[in-house]
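In my numbering, the protein residues as written are 1 to 328.
Just so you know, even glycine gets a beta-carbon here, dropped at the ideal spot from N, CA and C.
Read through the structure below, which is laid out as structure tokens, and then see the notes.
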């Protein structure tokens, strides 16, 4: 089933502007929320706890609004999002040096499935648990910016996906969940995750963080992703020439066509020893590798080896193989 289409690249700047307004409007509703708590008969301690929680949340919204104003803007095609989801399942980790764009906002061509679909290790959720519905809310964008000892991530969804839409806010995107990812992080080792990331929420939060980590890696790799910058107001489009997204423009990130690696002559003709002969082509799934670099090749950096097609030229693709249709 094809995911529901969201927005074009030309809508991203407007979505960002509305998101900023929404972040800054919501703290004005604090008095109304506190009055409601009083009318419901909550004791003083409970009310104070609610106030403290609201203050922390409003501080987060203020930081997120400021970050969104400065964020470099990205629009990610469905094909590129699919590749990133695949790569996120076994990405080894993320370090500050891998964050090419410290402050950014990405919007997806089509909605991604909810947080539960990103789980690297399935959490145990009982039937009827309210968290289940919460984790199924589609993801339509991500906002990220530096935080103390890490990177803060805001998971964004369409306003219509919220169980209780905030009617006074502008349409578009709204934050659905947020979390701070410690850096550096080892996605293969739960010991490197702070206590507030452990427990039942670990896999749901960490899966989306792994997706962002994979996206930051792949967007910087010309062999995997191709990018162009578009001017939302004029529709002008040109090839991306630098890491920095020009002010007022949106970087479109799309997948490159899958390369083909011809089979060895012996594999095509068949060897005398085994008699094996390949008569079809097949897809070799992409994977992560720790690539040596630097002086004496003593340093390591995480590198994605993109998927490719292997087999004799002009041979048919194996019928059981899933192949994505790439587009310009």
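On the criterion of 16 or more Cβ atoms from any shown chain inside 10 Å, does residue i qualify as buried, or is it exposed?
i           : result
residue 22  : buried
residue 189 : exposed
residue 65  : buried
residue 295 : exposed
residue 272 : The predicted model places residue 272 with a pLDDT of 48, which falls under 50 and marks its position as unreliable; any figure quoted below should be read in that light. Exposed.
residue 298 : exposed
residue 79  : buried
residue 136 : exposed
residue 138 : buried
residue 106 : buried
residue 15  : buried
How many angstroms separate the CA atom of residue i from the CA atom of residue j?
i           : j           : result
residue 111 : residue 77  : 10 Å
residue 58  : residue 26  : 8 Å
residue 173 : residue 250 : 17 Å
residue 13  : residue 230 : 11 Å
residue 207 : residue 184 : 16 Å
residue 160 : residue 176 : 11 Å
residue 75  : residue 290 : 28 Å
residue 205 : residue 145 : 16 Å
residue 73  : residue 286 : 27 Å
residue 89  : residue 45  : 43 Å
residue 253 : residue 56  : 34 Å
residue 186 : residue 91  : 9 Å
residue 293 : residue 49  : 51 Å
residue 24  : residue 70  : 15 Å
residue 52  : residue 60  : 13 Å
residue 123 : residue 153 : Any reading at residue 123 needs caution, since the residue's pLDDT is 43, under 50, leaving its predicted position unreliable; the model's value is listed next. Answer to the nearest angstrom: the Cα atoms are 21 Å apart.
residue 310 : residue 288 : 18 Å
residue 9   : residue 54  : 34 Å
residue 316 : residue 278 : 11 Å
residue 28  : residue 216 : 35 Å
residue 284 : residue 228 : 27 Å
residue 220 : residue 7   : 23 Å
residue 162 : residue 222 : 36 Å
Considering only the alpha carbon of each residue, which of the options lies closest to residue i?
i           : options               : result
residue 104 : 114, 14, 142 and 89   : 142
residue 85  : 231, 252, 174 and 214 : 214
residue 63  : 178, 290 and 160      : 178
residue 181 : 155, 172 and 171      : 155
residue 17  : 291, 91 and 68        : 68
residue 148 : 138, 316, 71 and 102  : 102
residue 209 : 151, 254, 15 and 252  : 151
residue 313 : 280, 293 and 292      : 280
residue 87  : 316, 306, 311 and 310 : 306
residue 114 : 83, 92 and 158        : 158
residue 109 : 293, 94, 140 and 219  : 140
residue 94  : 9, 218 and 278        : 218
residue 82  : 212, 10 and 228       : 212
residue 19  : 28, 171, 162 and 7    : 171
Does the ligand MN have even one heavy atom less than 7 Å from the beta-carbon of residue i?
i          : result
residue 90 : Absent from the structure shown: the ligand MN. Ligands present: none.
Exercise. In chain order, which alpha helix (DSSP H) runs of at least 4 residues are fully inside the segment 49–88?
Worked result: List check, alpha helix (DSSP H) in window: 78–88.
Exercise. Counting pairs of Cβ atoms below 8 Å between the segment 92–100 and the segment 290–309, do you hit three or more?
Worked result: By the C-beta criterion, the segment 92–100 is judged to be in contact with the segment 290–309, since at least 3 inter-stretch pairs fall below 8 Å.
Exercise. Which whole runs of the beta strand (DSSP E) in the segment 145–188 are 3 residues long or more, in chain order?
Worked result: Runs found: 150–158 and 173–182.
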